[in-house]
Amino acid sequence: MAKQNVTPHMISRRNFLKGAGILGLGVFGVASLSGCAPDSSSAAGGSASGTTVSVLTYNGNPPYCYLDDAGNLVGYDVDVLKAVDEKLDDYSFSIDSMDFNAMITACESGSAELVSCQLVPNEDRKAKFIFCEEPFCLSPMVFATADPNCKTLDDMAGKSTIATPGGYEYGMLQAYNEKYPDKALTFETVSSLTMADAFKMISSGQVDSFLCYDGTFDAVNEEVGAGLYKTDVVMCESTYFMFNKDQTELRDAVDGVLKEMKSDGSLAKIAEQDLGTDVFSAYGDALSDNELVA
Numbered sequence: 001m002a003k004q005n006v007t008p009h010m011i012s013r014r015n016f017l018k019g020a021g022i023l024g025l026g027v028f029g030v031a032s033l034s035g036c037a038p039d040s041s042s043a044a045g046g047s048a049s050g051t052t053v054s055v056l057t058y059n060g061n062p063p064y065c066y067l068d069d070a071g072n073l074v075g076y077d078v079d080v081l082k083a084v085d086e087k088l089d090d091y092s093f094s095i096d097s098m099d100f101n102a103m104i105t106a107c108e109s110g111s112a113e114l115v116s117c118q119l120v121p122n123e124d125r126k127a128k129f130i131f132c133e134e135p136f137c138l139s140p141m142v143f144a145t146a147d148p149n150c151k152t153l154d155d156m157a158g159k160s161t162i163a164t165p166g167g168y169e170y171g172m173l174q175a176y177n178e179k180y181p182d183k184a185l186t187f188e189t190v191s192s193l194t195m196a197d198a199f200k201m202i203s204s205g206q207v208d209s210f211l212c213y214d215g216t217f218d219a220v221n222e223e224v225g226a227g228l229y230k231t232d233v234v235m236c237e238s239t240y241f242m243f244n245k246d247q248t249e250l251r252d253a254v255d256g257v258l259k260e261m262k263s264d265g266s267l268a269k270i271a272e273q274d275l276g277t278d279v280f281s282a283y284g285d286a287l288s289d290n291e292l293v294a
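Per the numbering used here, the very first residue in the sequence shown carries number 1; after that it's consecutive.
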């Protein structure tokens, strides 16, 4: 598949944030994951034997992890986890969904060994957990906006955007404002907000924009009936599986499988199936860690 063009104003997350010293946990949508009751839905893995691994994900972040019409846990994260499980002879995954904050607590306590929810490591997380070296996804991000003429970061100059202090996106946008003061965005800060509510705020004119996953935009926009538009991709993040800090052997085993799946093209096929494009080919040039996505 031909690589998608990366505009001059797309932010290479690692290149851009290197000078600012910011590396956080994605995504703004994480704020929308808190406050939900734990869910009993589960998706059994493919292996029939081996050490059982408790794997937690979320059920409201399409197309990555969500419930289908029959109540089954589905999505890109789930399909990758099942494919990894098929290749691990020594482990068997038991996959369940849970509130985001509860997932983090369970992983830290050791009641769950692995968490998948489009996570990006930050320093706080790396102090408590371990991550794969191999990303299992590249996730392009866009601004949701009511203005169909907003396509690039240049077009967002002077616009207001919803931001969650402490999130890496917030830090990234702060660094962008410092580097390009004549193109700066203004912040409407919130501590917790669902994507649906963010879209409603934009639709009602309370705020101009919200940074979200490209893959999630269409589902939320349709669900809310907000009638919003999205910009071109303005940044792309590599996302990782996160493990309890004692699970180094499991982490290394999963890393090996992900490398194999990257090499044989099977990871790209899952991306094409669930996300509509081979994100590794399409967005690899948007990252500076190309050795991880080659």
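Backbone N, C-alpha and C fix where the C-beta goes; we use that ideal spot for every residue, glycine too.
Model, not experiment: these values are computed from the prediction.
Mapping DSSP to helix, strand and coil, what is glycine 60?
Strand, per DSSP.
Is the stretch 126 to 145 touching the stretch 250 to 259 in the sense that three or more CB pairs, one from each, lie closer than 8 Å?
Taking 8 Å as the limit for Cβ pairs, the verdict is that the stretch 126 to 145 does touch the stretch 250 to 259.
From the DSSP output, in three-state form, read off glutamine 118 for me.
Glutamine 118: strand per DSSP, three-state reduction.
Starting from the C-beta of serine 94, find all residues in its chain whose C-beta is less than 6 Å away, skip the five residues before and the five after it, and write them out in chain order.
So the qualifying residues of the chain are Thr52 and Ser54.
With a cut-off of 8 Å, do at least 3 Cβ pairs link the stretch 175 to 182 to the stretch 201 to 216?
As far as the Cβ criterion goes, the stretch 175 to 182 does not touch the stretch 201 to 216, which means the pair count is below three.
Just to confirm, are threonine 216 and leucine 185 a CB contact at a threshold of 8 Å?
No. Outside cutoff.
Helix, strand or coil for serine 281? Go by DSSP, reduced to three states.
DSSP places serine 281 in helix when its eight states are reduced to three.
Of the choices Glu249, Asp90, Leu173 and Ser238, whose alpha-carbon is the least far from that of serine 281?
The shortest Cα separation from serine 281 among Glu249, Asp90, Leu173 and Ser238 belongs to Ser238.
Helix, strand or coil: which one does DSSP assign to phenylalanine 199?
In this structure, phenylalanine 199 counts as helix in the three-state DSSP scheme.
Could you check the C-alpha separation between threonine 189 and lysine 200 for me, to the nearest Å?
Their backbone Cα atoms lie some 16 Å apart in a straight line.
Secondary structure at asparagine 244, three-state DSSP: helix, strand or coil?
Residue state, collapsed to three classes: strand.
Indicate the three-state DSSP secondary structure (helix, strand or coil) for alanine 127 in the structure shown.
In this structure, alanine 127 counts as helix in the three-state DSSP scheme.
Need the endpoints of the alpha helix (DSSP H) that threonine 216 sits in, please.
Where threonine 216 is concerned, the enclosing alpha helix (DSSP H) stretches over 214 to 224.
Compare the Cα-Cα distances from isoleucine 270 to each of Phe210, Gly60 and Tyr64 and report the closest residue.
When each option's Cα is compared against that of isoleucine 270, the closest is Tyr64.
Name the two residues that bound the continuous beta strand (DSSP E) containing valine 233.
Note, valine 233: premise wrong, no beta strand (DSSP E); not H, not E.
Just the C-alpha distance for leucine 275 and tyrosine 240, rounded to the nearest angstrom, thanks.
When rounded, the distance between both Cα atoms is 16 Å.
I need the boundaries of the beta strand (DSSP E) containing tyrosine 66, first residue and last residue.
65 to 67 is the extent of the beta strand (DSSP E) around tyrosine 66.
In this structure, what does DSSP give as the bridge partners for phenylalanine 143?
Note: phenylalanine 143 sits in a beta bridge opposite Leu211.
Closer than 8 Å is the cut-off here; do at least three beta carbon pairs connect the stretch 243 to 254 with the stretch 217 to 226?
Flag = no, the stretch 243 to 254 and the stretch 217 to 226 do not touch.
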